[in-house]
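Visitor: Protein chains in written order, with numbering that gives the first Met the number 0: chain A, 0 to 300; chain B, 0 to 631.
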Amino acid sequence: MTHTNLTHLQRLEAEAIHIMREVVAQAENPVMLYSVGKDSACMLHLAKKAFYPSPPPFPLLHVDTTWKFKAMYAMREAAARKAGMQLIVHQNPDALRQGINPFDHGSLHTDMWKTEGLKQALDLHGFDAAFGGARRDEEKSRAKERIFSFRTASHRWDPKNQRPELWRNYNAHKAKGESMRVFPLSNWTELDIWQYIHLENIEIVPLYYAAPRPTVERDGMLLMVDDDRFPLREGEEPVMRSVRFRTLGCYPLTGAVESEAKTLPEIIQEMLLTTTSERQGRAIDHDQAASMEKKKQEGYF
Amino acid sequence: MSEIYKTDALIAEDIDKYLEIHQHKTMLRFITCGSVDDGKSTLIGRLLYDSKMIFEDQLATLEADSKRVGTQGEGIDFALLVDGLAAEREQGITIDVAYRFFATEKRKFIVADTPGHEQYTRNMVTGASTADLAVILIDARKGVLTQTRRHSYLAHLIGIRNIVLAVNKMDLIGYDQAKYDAIVADYRTFAQSIGITEFTAIPISGLAGDNITTRSANTPWHDGPVLLEHLETVELNQTVEQDKLFRMAVQWVNRPNLDFRGFSGTIATGAVKLGDEVRVLPSGKTSTISRIVTMDGDLEQAVAGQAVTLCLADEIDCSRGQILCAAQNPVEVADQFEATVIWMDEVEMTPGRAYWLKLGPQTVSATVAQPKYQVNVNTMEHLAAKTLDLNAIGVATVTTDRDIPFAPYENSRDLGGFILIDKMTNRTVAAGLIHYSLRRAQNIHWQATDISRDHHAAMKNQKPMVLWMTGLSGSGKSTIANLVEKKLARMNRHTFLLDGDNVRHGLNKDLGFTDADRVENIRRVGEVARLMTDAGLIVITAFISPFRSERDMVRGMMQPGEFIEIFVDTPLEEAEKRDVKGLYAKARSGQLKNFTGIDSPYEAPENPQIRIDTTKISAEEAAELIVSKLIP
Chain A
0 MTHTNLTHLQ RLEAEAIHIM REVVAQAENP VMLYSVGKDS ACMLHLAKKA FYPSPPPFPL
60 LHVDTTWKFK AMYAMREAAA RKAGMQLIVH QNPDALRQGI NPFDHGSLHT DMWKTEGLKQ
120 ALDLHGFDAA FGGARRDEEK SRAKERIFSF RTASHRWDPK NQRPELWRNY NAHKAKGESM
180 RVFPLSNWTE LDIWQYIHLE NIEIVPLYYA APRPTVERDG MLLMVDDDRF PLREGEEPVM
240 RSVRFRTLGC YPLTGAVESE AKTLPEIIQE MLLTTTSERQ GRAIDHDQAA SMEKKKQEGY
300 F
Chain B
0 MSEIYKTDAL IAEDIDKYLE IHQHKTMLRF ITCGSVDDGK STLIGRLLYD SKMIFEDQLA
60 TLEADSKRVG TQGEGIDFAL LVDGLAAERE QGITIDVAYR FFATEKRKFI VADTPGHEQY
120 TRNMVTGAST ADLAVILIDA RKGVLTQTRR HSYLAHLIGI RNIVLAVNKM DLIGYDQAKY
180 DAIVADYRTF AQSIGITEFT AIPISGLAGD NITTRSANTP WHDGPVLLEH LETVELNQTV
240 EQDKLFRMAV QWVNRPNLDF RGFSGTIATG AVKLGDEVRV LPSGKTSTIS RIVTMDGDLE
300 QAVAGQAVTL CLADEIDCSR GQILCAAQNP VEVADQFEAT VIWMDEVEMT PGRAYWLKLG
360 PQTVSATVAQ PKYQVNVNTM EHLAAKTLDL NAIGVATVTT DRDIPFAPYE NSRDLGGFIL
420 IDKMTNRTVA AGLIHYSLRR AQNIHWQATD ISRDHHAAMK NQKPMVLWMT GLSGSGKSTI
480 ANLVEKKLAR MNRHTFLLDG DNVRHGLNKD LGFTDADRVE NIRRVGEVAR LMTDAGLIVI
540 TAFISPFRSE RDMVRGMMQP GEFIEIFVDT PLEEAEKRDV KGLYAKARSG QLKNFTGIDS
600 PYEAPENPQI RIDTTKISAE EAAELIVSKL IP
């Protein structure tokens, strides 16, 4: 026979599908973490492929902080509906009551809304496996994380005590209360994600494309004034700039880049010619050296 | 200059053309093997740096880190790009498997970076398990060392057929050709001795950049490829895999509605096309491929490495763990294997203990016998061993509790590579490579019969089951079993009573009362009971069956829900007081050895479906209770 040379994207796609099917077969109550970003969009698309013609046999979970971009909220419901999946939204009630926000509470914001919120949601619904869109190329501690990443009953990750992971033979055995975080996009790079979105025509939040948006420059980052909760400092005046986002999170914590890229190829072009890495736009990593590793040990995705 | 730099211009000039090229890239996964001082991290850092995978902010961090903790004075310490976790950075070593990514316009690369110390054999094996190629690093000043042999042996063992011998730090030996040639010749002698027939040797310097991406002027005598060129052009495993026979393990049965039933999985080897005849193992049933379903539309053909959903023309039983294969050349089915076992847990192996064995989507219970030998990974010597401890590699007999379809590891990593999982801790404690089956089952295919077990049961108008009575000698098992059978017979149920004493007059008359013989006694009875349930019968058994693990073994043989454990609970004093057969007296006086309750243990059931307290109710009441619970 003639050989079919699978491309790198075809192999990555097959790997992600294989992983998702393993989780569904081995876990009792899986869920897919859905952050509305491009990696989530990609992961959701792969889930549809993995189980077609069935809808993906698990719900989507959005751990909300109330501080996401408006455009992300608009996209969220539509994406779940189109996939034929249930959408669960969780907001940490303690954070809600205390009015935790990124302007006044610094790293407590991420800790309470995201880390604690995620743990609450997983416990509340008894999910024993959660898909996440993290990639190994994003950050050094992730480069070492397994695809099936075991968590204790208190959601902790122990980087020194990971299970060996051989071939594509994944061990999802666990005791009651323990869980797995599963990363089907582990071996994808940022460029792979963009190429795949382009090739597969995957819908993404418009914020990834450049458009004139009201922004202020603060602490070396361009922040978008997405609603009137944004407290302007003395002398700050929102300026319309043509910007886009390389990564999406809470709008007060996500830096924009000035850009004219209005199509996917233009975005990819800018990305390839650019000289800063993706997570640079996120305030969370800059807190301290090895910050991500510490957050992950505590249960952050 | 290398190809990589030309692409930069294309990105700026014609991004669509660039994307078109890059969408057709293939992917190579490789592993780098070497110890801390061999310059492994430096080499990977160099590949990332030269292929422009490092962004400005990362470079700034790198420069700052190089000054703070680097080992290159004011120069850039590429190794810091690669050394990951905070704790490891401080110790100056990498201690786990880290994956790195870079790409050229021909290929995307995934590098598994693993440490080289002997105590991290498990990490190297983990990294190698998904790799197409291994780069074995040698320090040119030191030549072939013990660790070089160990890394080569492990890479070869795990099935990597593309080996690159990278003789590093050539700058430190003045690019001396004679010294290089001597190292390569030395390695060739060793490589051949362990079965590595081919390898590609390249003189490099990770630090100075010689022969990494570009041909070095310092080694004009080197007429082989430079490292990146070789990585870009070497033949991929997937091409080889496609030439093999078709095999796909079923991961998940896709059943959205009554009109669709598909079998989802990743094709392990070979190719499949519409109309191909396939056989499902272990059931042995055959059918033909009616559809190859993907969300992007049905395919005419699919090949190894693709994740697909296959539909069959006939409605045949097939579930997770079964293997679809070329009908005329199916995989073997067996329950005993010779395998290489790589132990990966701090707690050493217990020969004879039951572990979960996971082979692709199949999970079964398995035991590993005392190793035939252990391999000294530094000298390749075979050593006698009673067990295997962390990082030990040995060859042993592995026995599963049921027949499983498989392929030898050398034919397929997916169908011949298994992991062992500790049943208590759930940790992955070992990796195993199946070499061949040890039982004749490989030549005895399961003959599919047209009258199914459901049909047998339907004709008898009953649900087959096994009523397994366990309890001490003299507890009343046989009496109650007999009464139960009489009651069921009056209800027109088709039954059969297997009694412990009776079976020992025939089927099991060659067995005694040692622990091993007791285990075999129960195994045979379990097999007979299983056949009887296949025939649609309600089987009643009366055996002491003192060990929990054997009762669990029998439960595992039966269809789910068909094994009913009945604990005939009579305290030892009471049974001994009754002593109907006078056996307790003999045991107490020492005339009878290995008597349960006296000098051999009885492990009471933890959660029996039915518990009969014979000190409270009569045998007649007990039988009535059992029948009323089973047939409401």
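All residues carry an ideal CB built from backbone N, CA and C; glycine is no exception.
Note that the coordinates shown come from a computational prediction; the quantities given were computed from them, not determined experimentally.
Report the three-state DSSP secondary structure of residue 119 of chain B (helix, strand or coil).
Guide: Locating residue 119 of chain B in the second sequence gives position 120, where the first residue counts as 1. In the structure shown, residue 119 of chain B sits in a helix (DSSP, three-state: H, G or I).
Visitor: Helix, strand or coil for residue 417 of chain B per DSSP?
Guide: Indexing the second sequence from 1 puts residue 417 of chain B at position 418. Residue state, collapsed to three classes: strand.
Visitor: Can you give me the Cβ contacts of residue 261 of chain A inside the same chain, cut-off strictly under 6 Å, excluding the 5 residues immediately before and after it?
Guide: Residue mapping note: residue 261 of chain A aligns to position 262 of the first sequence, counting from 1. Correct list, in chain order: 208 and 209.
Visitor: Is it the case that the stretch 237-255 of chain B contacts the stretch 324-340 of chain B, given that we only count it when at least three CB pairs across the two stretches are under 8 Å?
Guide: With the cut-off at 8 Å, the stretch 324-340 of chain B and the stretch 237-255 of chain B touch.
Visitor: Using a Cβ-Cβ distance under 8 Å, would residue 151 of chain A count as near chain C?
Guide: Protein chains A and B are contained in the structure displayed, whereas chain C is not.
Visitor: Would you say residue 166 of chain B and residue 199 of chain B are within 8 Å of each other, going by their C-beta atoms?
Guide: Taking the first residue of the second sequence as 1, we reach residue 166 of chain B at position 167. Taking the first residue of the second sequence as 1, we reach residue 199 of chain B at position 200. Contact flag unset, no.
Visitor: Residue 38 of chain A to residue 137 of chain A, Cα distance in whole Å?
Guide: If you number the first sequence from 1, residue 38 of chain A lands on position 39. If you number the first sequence from 1, residue 137 of chain A lands on position 138. Looking at the two C-alpha atoms, the distance is approximately 12 Å.
Visitor: What number of angstroms, rounded off, separates the C-alpha of residue 441 of chain B from the C-alpha of residue 235 of chain B?
Guide: Within the second sequence, residue 441 of chain B is the residue found at index 442, counting from 1. Within the second sequence, residue 235 of chain B is the residue found at index 236, counting from 1. Any answer about residue 441 of chain B is weak, because its pLDDT of 46 lies below 50 and its placement is not dependable; what the coordinates show is given next. About 31 Å.
Visitor: Cα-Cα, which of A:212, A:198 and A:131 is closest to residue 181 of chain A?
Guide: The residue you call residue 181 of chain A lines up with position 182 of the first sequence. For the residues A:212, A:198 and A:131, the minimum Cα distance to residue 181 of chain A belongs to A:131.
Visitor: Taking residue 468 of chain B and residue 479 of chain B to be in contact with their CB atoms under 8 Å, please state how far apart those CB atoms are, rounded to whole angstroms.
Guide: In the second sequence, the residue the question calls residue 468 of chain B occupies position 469. In the second sequence, the residue the question calls residue 479 of chain B occupies position 480. So it is a contact: roughly 7 Å between Cβ atoms.
Visitor: Beta-carbon separation of residue 415 of chain B and residue 405 of chain B under 8 Å?
Guide: As a position in the second sequence, residue 415 of chain B is number 416, starting the count at 1. As a position in the second sequence, residue 405 of chain B is number 406, starting the count at 1. Going by C-beta atoms, residue 415 of chain B is nearer than 8 Å to residue 405 of chain B.
Visitor: Indicate whether residue 211 of chain B and residue 229 of chain B have their beta-carbon atoms separated by less than 8 Å.
Guide: Start at 1 with the first residue of the second sequence, and residue 211 of chain B comes out as number 212. Start at 1 with the first residue of the second sequence, and residue 229 of chain B comes out as number 230. No, the Cβ-Cβ distance between residue 211 of chain B and residue 229 of chain B is not below 8 Å.
Visitor: So is residue 184 of chain A in contact with chain B if we call contact Cβ pairs under 8 Å?
Guide: The residue given as residue 184 of chain A occupies position 185 in the first sequence. Taking Cβ atoms only, chain B never reaches closer than 8 Å to residue 184 of chain A, which makes this a no.
Visitor: Between which two residues does the alpha helix (DSSP H) containing residue 501 of chain B stretch?
Guide: Locating residue 501 of chain B in the second sequence gives position 502, where the first residue counts as 1. Looking at the DSSP string, the run of the alpha helix (DSSP H) that includes residue 501 of chain B is 499-502.
Visitor: Can you pull the chain B residues whose beta carbon is under 8 Å from the beta carbon of residue 85 of chain A, in chain order?
Guide: Your numbering for residue 85 of chain A matches position 86 in the first sequence. Result: empty, since nearest Cβ-Cβ is about 16 Å, beyond 8 Å.
Visitor: Considering only C-alpha positions, which residue in the set B:542, B:569, B:99 and B:203 is nearest to residue 139 of chain B?
Guide: The residue you call residue 139 of chain B lines up with position 140 of the second sequence. When each option's Cα is compared against that of residue 139 of chain B, the closest is B:203.
Visitor: Might you give, ordered along the chain, the residues of its own chain that have their beta carbon closer than 7 Å to the beta carbon of residue 63 of chain A, omitting 5 neighbours on each side?
Guide: By 1-based counting over the first sequence, the position of residue 63 of chain A is 64. Here the set comprises 88, 89 and 90.
Visitor: Using the three-state DSSP reduction, which class does residue 151 of chain B fall into: helix, strand or coil?
Guide: Numbered from 1 along the second sequence, position 152 holds the residue referred to as residue 151 of chain B. Of the three classes helix, strand and coil, the one that applies to residue 151 of chain B here is helix, per DSSP.
Visitor: Can you round the beta-carbon distance between residue 96 of chain B and residue 113 of chain B to whole angstroms, since I take them to be within the 8 Å contact cut?
Guide: Translated into the one-based positions of the second sequence, residue 96 of chain B becomes position 97. Translated into the one-based positions of the second sequence, residue 113 of chain B becomes position 114. The Cβ separation is near 5 Å, so the contact holds.
Visitor: Just to confirm the assignment: which complete alpha helix (DSSP H) runs, minimum length 4, are found wholly within the stretch 22-63 of chain A?
Guide: 37-50, all fully within the stretch 22-63 of chain A.
Visitor: Ignore the nearest five residues each way along the sequence and tell me which others in residue 91 of chain B's own chain have a CB closer than 6 Å to its CB.
Guide: Indexing the second sequence from 1 puts residue 91 of chain B at position 92. Bear in mind that the predicted position of residue 91 of chain B carries a pLDDT of just 47, short of 50, making it unreliable; the figure below should be weighed with that in mind. Counting only Cβ-Cβ distances below 6 Å, and skipping sequence neighbours, we find nothing.
Visitor: Residue 256 of chain B lies in the beta strand (DSSP E); which residues open and close that run?
Guide: Within the second sequence, numbered from 1, the residue matching residue 256 of chain B stands at position 257. From DSSP, the beta strand (DSSP E) with residue 256 of chain B extends over 251-256.
Visitor: Between the C-alpha atoms of residue 233 of chain B and residue 4 of chain A, what's the straight-line distance to the nearest angstrom?
Guide: Within the second sequence, residue 233 of chain B is the residue found at index 234, counting from 1. Within the first sequence, residue 4 of chain A is the residue found at index 5, counting from 1. Rounded to the nearest angstrom, the two C-alpha atoms are 13 Å apart.
Visitor: I want to verify the contact list: residues of chain B whose CB lies under 7 Å from the CB of residue 50 of chain A, in sequence order.
Guide: Taking the first sequence and counting its residues from 1, one reaches residue 50 of chain A at position 51. Neighbours of residue 50 of chain A on chain B, chain order: 253.
Visitor: Roughly how far, in whole angstroms, is the beta-carbon of residue 244 of chain A from the beta-carbon of residue 272 of chain A, given that I think they are within contact range, below 8 Å?
Guide: Within the first sequence, the letter at position 245 stands for residue 244 of chain A. Within the first sequence, the letter at position 273 stands for residue 272 of chain A. Between residue 272 of chain A and residue 244 of chain A the Cβ distance is about 17 Å, and since that is not below 8 Å, they are no contact.
Visitor: Run through DSSP, which three-state label would residue 122 of chain A get?
Guide: On the first sequence, position 123 is the one that residue 122 of chain A refers to. Helix.
Visitor: Taking the C-alpha atoms as reference points, what is the distance between residue 150 of chain A and residue 52 of chain A?
Guide: For the purposes of this step, residue 150 of chain A is taken as residue 151 along the first sequence, with counting starting at 1. For the purposes of this step, residue 52 of chain A is taken as residue 53 along the first sequence, with counting starting at 1. Distance between the alpha carbons of residue 150 of chain A and residue 52 of chain A is about 32 Å.
Visitor: Would you say residue 166 of chain A lies against chain B (beta-carbon separation less than 8 Å)?
Guide: Here the question's residue 166 of chain A lines up with position 167 in the first sequence. Interface residue, yes.
Visitor: Quick one: which chain B residues come within Cβ less than 7 Å of residue 2 of chain A?
Guide: The residue you call residue 2 of chain A lines up with position 3 of the first sequence. Result: 238 and 241.
Visitor: Below 8 Å on the Cβ atoms is my guess for residue 141 of chain A versus residue 152 of chain A; work out the distance and round it to an integer in Å.
Guide: For the purposes of this step, residue 141 of chain A is taken as the residue at position 142 of the first sequence. For the purposes of this step, residue 152 of chain A is taken as the residue at position 153 of the first sequence. About 23 Å; that fails the 8 Å criterion.
Visitor: What residues from the stretch 278-300 of chain B come within 9 Å of chain A, judged by C-beta to C-beta, listed N to C?
Guide: Answer set for the stretch 278-300 of chain B: 292, 293, 294, 295 and 300.
Visitor: As a quick exercise: from B:473, B:128 and B:306, pick the residue whose alpha carbon is nearest that of residue 409 of chain B.
Guide: To locate residue 409 of chain B, count along the second sequence from 1; it is residue 410. When each option's Cα is compared against that of residue 409 of chain B, the closest is B:128.
Visitor: Can you tell me the Cβ-Cβ gap for residue 524 of chain B and residue 497 of chain B, rounded? I've got them flagged as a contact below 8 Å.
Guide: Taking the first residue of the second sequence as position 1, residue 524 of chain B is located at position 525. Taking the first residue of the second sequence as position 1, residue 497 of chain B is located at position 498. Between residue 497 of chain B and residue 524 of chain B the Cβ distance is about 6 Å, and since that is below 8 Å, they are a contact.
Visitor: Which stretch, first to last residue, makes up the alpha helix (DSSP H) that contains residue 207 of chain A?
Guide: Locating residue 207 of chain A in the first sequence gives position 208, counting from the first residue. Unbroken run through residue 207 of chain A: none, as it is neither H nor E.
Visitor: Given a threshold of 16 other Cβ atoms within 10 Å of its Cβ, counted over all protein chains shown, does residue 216 of chain B qualify as buried or as exposed?
Guide: Numbered from its first residue, the second sequence carries residue 216 of chain B at position 217. Exposed.
Visitor: On the three-state DSSP scale, how would you describe residue 562 of chain B?
Guide: As a first step, residue 562 of chain B is located in the second sequence; it is residue number 563 there, counting from the start. Of the three classes helix, strand and coil, the one that applies to residue 562 of chain B here is strand, per DSSP.
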